[in-house]
Amino acid sequence: MSRVSLLPLARLFGVLAACVPAHALTFSEWQSVHFNAGQLANPALIAPAADPDADGLSNLAEYVFTGDPLFSDPDLLPRLSLSDGHLSLTYRERADLSDAGVWLQSSDDLLYWTTFNNAEVSARIPVTVPDSGFSYADVTLRDPVAYDTLGNSKRFLRLNLQLRPFPPLQAPGNFGVAVENNDHIRLRWSDW
């Protein structure tokens, strides 16, 4: 008999309870924990990009951030901060995450996004929920490009979440060069 741990399965009369294997929970196992048989038969509801509780977090984001896809929890949204001239995003990441990846992306116009394959993790604070054995980490990813604190530019950050297998690396698309003046050339591309 395998060991079991307690994880949220269903919200019944305000109580969360479930028994699932103590190994790392895959996305498909997470789906079977959070959705009933009828819901599992609806691919549009359980798809990684679906948002059944309409809280702005996809099922994949709920999985990575330890959320419940059927109950809205705005506290799971990543938090933006500015420290030492650099923007950072802090998010909650399940401790047993093994089949998904998280990448920091930045943009100055919301059209072209740069993906940082090795963004600096400036903090990883482990958290264990008392009396459940469930654990996660509060992870902070730091934008390697300094933010213009004088207000001369815009900077946007987001997290790109992907399930394995990850897409193969390829040359960037939508590549463009703009000469702004004799001293400044702007390169733009999108890589997702």
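Okay, so the sequence shown: first residue is 5 according to my numbering, each after it adds one.
Using N, Cα and C, we set each Cβ at its ideal position, and we do this for glycine too.
Taken through DSSP and simplified to helix, strand or coil, D135 comes out as coil.
Straight through space, the alpha carbons of G180 and A53 are spaced by roughly 30 Å. Rounded to whole angstroms, A141 and D100 show a C-alpha spacing of 10 Å. By the Cβ neighbour-count rule, V125 is exposed, with fewer than 16 other Cβ atoms within 10 Å of its own. Remark: three or more beta-carbon pairs, one from each stretch, lie closer than 8 Å, so the segment 155-168 and the segment 77-94 are flagged as touching. DSSP places S32 in no beta strand (DSSP E) but in the uninterrupted alpha helix (DSSP H) bounded by F31 to H38. Annotated as distal: V143 and R159, with beta-carbon spacing of 9 Å or more.
The beta-bridge partner set that DSSP reports for T118 consists of S110. The beta-bridge partner set that DSSP reports for A65 is empty.
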